[in-house]
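For the sequence shown, our numbering assigns the number 125 to the initial residue and increments by one for each residue that follows.
Take a look at the structure set out below.
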Amino acid sequence: MNKELLMNVLSKNGIENLRPPQEKVLKEGILEKDKNFIISIPTASGKTLIGEMAFINHVLQHSKSQNNNETDDLEFLPSGKKALFIVPLKALATEKFDEFREKYNKFGLKIGISIGDYDSKENLSRYDIIIMTSEKLDSLMRKKNTTWLNDVSVVIIDEIHLLGDKERGGTLEIVLTKLKMLPIQIIGLSATIGNSEELATWLNAKLVVDTWRPVELKKGLYHPDENKVDFYKIEDYKVVICENGKNKECKNLKNYGSSKSEISNLILDCIKSSGSCLVFCSSKRNAVSEAKKNDLTKYLKETEKEELAEISSEILNILEKPSKTCEQLSECVKKGVAFHHAGLAMKQRKLVEDAFRKRLIKVICCTPTLSAGLNLPCRRAIIRDTKRFDGTGFSNIPNMEIQQCIGRAGRPGLDPYGEGIIVVKKSSEVGDNLYMLRGKPEEIYSNISNKKTLRIFILGSIFSGEIVSFYQLKQFMKNTFYAVQYGDYEKIVEDIKDEVIFLMENGFIEYGFEFDNNLKTDYKVEKEEKILNYVKSSNEELKPSAYSINNISFDENGNLILGNSKSAKNSRTNETDKKEKISKKYNYEEYELIKDKSTTFKSTKLGNVTAQQYIDPLSAKNISEGILSISKDKIDINDLRSISDVEKRMLYFMCKSTELRPLLRVNKYEYEDLVGEMMAFDFNDCEEYDNICAYKTSKMIREWINEASETDIFEKYKVEAGILNYKIEQIKWISHATREIFRALEMSGTFEEFNCDTSIKTFIKKTIEDLQLRIEYGAKSDLVELLGVKNLGRVRARKLYNSDIKTIADIATKKELVVKSIGKIAYKVFEELKIPYDDIIIDNKDIKISSLDKKPKKIQKTLDNFF
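Laid out in structure tokens, this is it:
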């Protein structure tokens, strides 16, 4: 596709002219499909459209219309190729999904979104453009039924600088390392970073840097004591002399009267000139506090007050029972101000965002995460706090993050200019604040050495068959950003070794030997003999002909014992061998055997499940050990207290999963009580603080599955609705994984090795299955059978239960009562259960309604259908 054809497509979405950075990438050859790019330009300069230009070039092709007139209008059809658009946040994915669907459905392109469960069996093959996170792509790339990935010819990575994120950057690096080995065009969209050249070199990409913005951005420091803003002209990260011969221009602000906020004059100065503000605070608490200090009521029109009152009421009533946070936000919104953070319910956040875009809400006080999360431009971006608590003390917010926040200022088509202003708290901090304002970005560094990232990657690669030996692991690492940055990657090789050993010790992988008889050299023959001699000496009962080693165990001193599948099977009859298998420890002196090129890895049943569920093997270890520890206990399956104890223990093992971090913090006043409770359950790991936090988190989940409201949980645990919803989503994922881990243990015969009673095993299995349902719906155990029915849910199930409809059999025999209890949705329930519902008598009147009259209308699919 050439520029003329591209512009023809863009014009159908109202784009007639390109911005300078977009023209620049065209000249540099972005339409050359074998050319990778790193695009580093300011916020609001048109990065997303550059990504769209790239995927249009791949997924659309043109053809002449059937029209024979002279103009020969061009028509565009899907090419059959696919594009992936990778975003860092689910909220961004949803936003891009809506945007792309509106823009590109007209061309016959199907837009998909994949941000749900990592093991879901969704069919993405029918989509041309698919939006997802890097973690989702990583999980898809290890699956064996995703042949549609072969049709992907371009991948756009939004916010590629998040490669430097300590928690998630490693996964993005792994995905990019895989992609750059494939015939796929990679387009990285980035904020300005200090080492963009290094990133471009790694990806063999053309680097395009530009400083153009659609709206002028003024940068300044606000001095509350003097009520003035000093604006600086900044070029190439340096302050330059202004036209007045000075290095700054001073703007004195009007004093609008007393206020609890030290930045109220800065806010009102903007609002009075029809602008809007984003105030970035260091924490959720500070965002709420700042919003409550500002009252814009007297600056609002009557029509605005009326609309805000409606929004305020809606925000207040989103939860079953309004929480303190709901009440605070509702009151703020009436005054034209809002706060925005992860603690808000999703619907509350959307209401605030929409009202801000409509300019009803004039000010949002938020945390810096909003700067990367959504497209909410404003006139004035105010950085109230430049430091935040990092767990041990207060540290500076990175320059890159500060610039992301400042970059939100200036709404194209709405504002003549934008202003990014840092608030000076102390005169001694002016130098530091000016350095941040200048915006020299930090360099980003590889985070692939993160242990959790390595564990997930190694197991996933072995499971998928991408990597089967230690040698291949090392070769893969040679292609990573880590290797480019540090040159010597021996340190990460040691980290890999540790994680391979972890996976072996805990039953996720096993290994054997593969000798290529056709390619033997004297050296290889010698090596093979050396390995086989070692095998013989390690286990005298092992036959010399047993070349395939696929089971490992260890003696009481931790020394390695190798055996083939037959000997391993026979060893199950020996009780001593069982104990050795359970508590095996790897002898590091024998590590040379694993490093040998002829040694190959494969995943076990437990490893397969862990990789498929895309969870940390450490989490799977905790869960599997928890299940086995429960299976060894004497459980009275008819005793309600005993059943409750099993549920509590199972939830604790789930909450130890790394996926649930950060866990609830434990305060000094509750420390001893929590430890005492853990000891009562024989949790011998209560000396570790993280485990106590996991136990406290499990208590909160227990409240949820016993039908506590969001407000009740907030009052007891200080966990707001948004955070609670996130935790519930995570524990839902882990509970599903727990069910699959149980199946893996069952299929591998582990329960038999532990002499677990069949009735106990069945009881544990049902407990896990019930917990999965109860976590999803937040319901007590008495609703489990009803929750298994589609279209019910917790509220309707509870209504039925309270009407003495407690089982599916009751639904079939009390149909009139079902309709009275839950309304028209009852007919969907009947159809789901294949229960005939002709001749139902409604409201005690002899009115017969045929099934045709009652059959529910087909409902248009919404975005929820894509999760």
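Think of the CB as a built atom: it goes at the ideal place given N, C-alpha and C, for glycine as much as any other residue.
Please go through the same chain and pick out, in chain order, the residues whose beta-carbon is closer than 8 Å to the beta-carbon of residue i, but skip the five residues on each side of it.
{"i": "Met-305", "result": "Asn-603"}
{"i": "Val-790", "result": "Leu-798, Tyr-813, Ile-816, Cys-817, Lys-820"}
Going by other Cβ atoms of all chains shown within 10 Å of its Cβ, with 16 needed for buried, is residue i buried or exposed?
{"i": "Gly-873", "result": "exposed"}
{"i": "Thr-316", "result": "buried"}
{"i": "Ile-365", "result": "exposed"}
{"i": "Cys-374", "result": "exposed"}
{"i": "Glu-834", "result": "buried"}
{"i": "Ala-217", "result": "buried"}
{"i": "Leu-869", "result": "buried"}
{"i": "Lys-721", "result": "exposed"}
{"i": "Ala-415", "result": "buried"}
{"i": "Asp-334", "result": "buried"}
{"i": "Met-803", "result": "exposed"}
{"i": "Tyr-795", "result": "exposed"}
Have a look at the options and flag the residue whose alpha-carbon is nearest the alpha-carbon of residue i.
{"i": "Ile-935", "options": "Ile-530, Ile-959, Thr-325, Lys-302", "result": "Ile-959"}
{"i": "Glu-1059", "options": "Gly-584, Ile-311, Arg-225", "result": "The requested residue 1059 does not occur in the structure, where the chain is confined to residues 125 to 991."}
{"i": "Val-461", "options": "Lys-448, Val-299, Ala-469, Ala-479", "result": "Ala-479"}
{"i": "Leu-79", "options": "Leu-201, Thr-172, Gly-902, Leu-173", "result": "As displayed, the chain neither begins before 125 nor continues past 991, which places residue 79 out of reach and without an answer."}
{"i": "Glu-634", "options": "Val-942, Val-733, Thr-724, Ile-546", "result": "Thr-724"}
{"i": "Tyr-776", "options": "Ile-485, Leu-798, Ala-735", "result": "Leu-798"}
{"i": "Ile-439", "options": "Lys-429, Gln-452, Glu-359", "result": "Gln-452"}
{"i": "Pro-307", "options": "Lys-330, Val-299, Val-278", "result": "Val-278"}
{"i": "Asp-760", "options": "Lys-721, Asn-830, Tyr-841, Ser-883", "result": "Ser-883"}
{"i": "Thr-510", "options": "Pro-501, Ile-572, Leu-558, Asn-926", "result": "Leu-558"}
{"i": "Asn-368", "options": "Glu-359, Phe-355, Tyr-380", "result": "Phe-355"}
{"i": "Val-299", "options": "Gly-236, Met-265, Leu-273, Ser-748", "result": "Met-265"}
{"i": "Glu-566", "options": "Leu-432, Lys-205, Leu-910, Gly-318", "result": "Gly-318"}
{"i": "Thr-728", "options": "Ala-832, Met-601, Ile-754, Met-871", "result": "Met-871"}
{"i": "Ser-164", "options": "Thr-782, Gln-528, Tyr-606", "result": "Gln-528"}
{"i": "Lys-851", "options": "Lys-885, Asn-879, Glu-900", "result": "Glu-900"}
{"i": "Thr-271", "options": "Lys-474, Lys-290, Arg-250, Gly-288", "result": "Arg-250"}
Identify, in the order they occur along the chain, each residue of the same chain with its Cβ nearer than 7 Å to the Cβ of residue i, setting aside the five sequence neighbours on each side.
{"i": "Lys-471", "result": "Ile-442"}
{"i": "His-465", "result": "Lys-408, Ala-411, Cys-490, Thr-491"}
{"i": "Ala-735", "result": "Arg-266, Leu-583, Gly-584, Phe-587, Ser-727"}
Would you tell me roughly how many angstroms separate the C-alpha atoms of residue i and residue j, rounded to the nearest one?
{"i": "Asn-247", "j": "Leu-848", "result": "30 Å"}
{"i": "Asn-232", "j": "Phe-209", "result": "First, the residue type needs correcting, since residue 232 is Gly and not Asn in the sequence shown. Computed Cα separation, rounded: 18 Å."}
{"i": "Leu-627", "j": "Asn-808", "result": "23 Å"}
{"i": "Leu-129", "j": "Glu-283", "result": "28 Å"}
{"i": "Ile-139", "j": "Arg-225", "result": "16 Å"}
{"i": "Ser-552", "j": "His-347", "result": "12 Å"}
{"i": "Lys-230", "j": "Ala-168", "result": "25 Å"}
{"i": "Gln-309", "j": "Ala-207", "result": "10 Å"}
{"i": "Ala-324", "j": "Ser-585", "result": "26 Å"}
{"i": "Lys-930", "j": "Ile-888", "result": "23 Å"}
{"i": "Lys-598", "j": "Pro-166", "result": "37 Å"}
{"i": "Leu-313", "j": "Glu-525", "result": "16 Å"}
{"i": "Asn-328", "j": "Val-476", "result": "42 Å"}
{"i": "Asp-556", "j": "Lys-564", "result": "12 Å"}
With C-beta atoms as the reference, is residue i less than 8 Å away from residue j?
{"i": "Val-624", "j": "Ile-739", "result": "no"}
{"i": "Val-547", "j": "Ile-507", "result": "yes"}
{"i": "Gly-544", "j": "Ile-530", "result": "yes"}
{"i": "Val-827", "j": "Ile-816", "result": "Note on residue identity: the sequence assigns Glu, not Val, to residue 827. Taking 8 Å as the Cβ cut-off, Glu-827 and Ile-816 do not qualify as a contacting pair."}
{"i": "Thr-301", "j": "Ser-258", "result": "no"}
{"i": "Arg-918", "j": "Ile-892", "result": "no"}
{"i": "Leu-454", "j": "Lys-417", "result": "What sits at residue 454 in the sequence shown is Ser, not Leu. No, the Cβ-Cβ distance between Ser-454 and Lys-417 is not below 8 Å."}
{"i": "Phe-221", "j": "Ile-180", "result": "no"}
{"i": "Glu-903", "j": "Leu-911", "result": "Going by the sequence as given, residue 903 is Ala instead of Glu. Yes, these two residues count as a Cβ contact at 8 Å."}
{"i": "Leu-916", "j": "Ser-945", "result": "no"}
{"i": "Ala-178", "j": "Ile-280", "result": "yes"}
{"i": "Leu-583", "j": "Ile-620", "result": "no"}
{"i": "Ser-748", "j": "Ile-865", "result": "yes"}
{"i": "Val-332", "j": "Phe-161", "result": "yes"}
For residue i, collect the residues of the same chain with a Cβ closer than 6 Å to its Cβ; drop the 5 residues on either side in sequence, then sort them by chain order.
{"i": "Gly-750", "result": "Phe-777"}
{"i": "Asn-630", "result": "Lys-745"}
{"i": "Arg-898", "result": "Ile-829"}
{"i": "Arg-503", "result": "Cys-394, Gly-399, Ser-400, Asp-539"}
{"i": "Phe-463", "result": "Ala-411, Val-412, Ala-415, Cys-489"}
Would residue i pass as an interface residue toward chain D - the criterion being a Cβ-Cβ separation below 8 Å?
{"i": "Val-211", "result": "Absent from the structure: chain D. Only one protein chain is present."}
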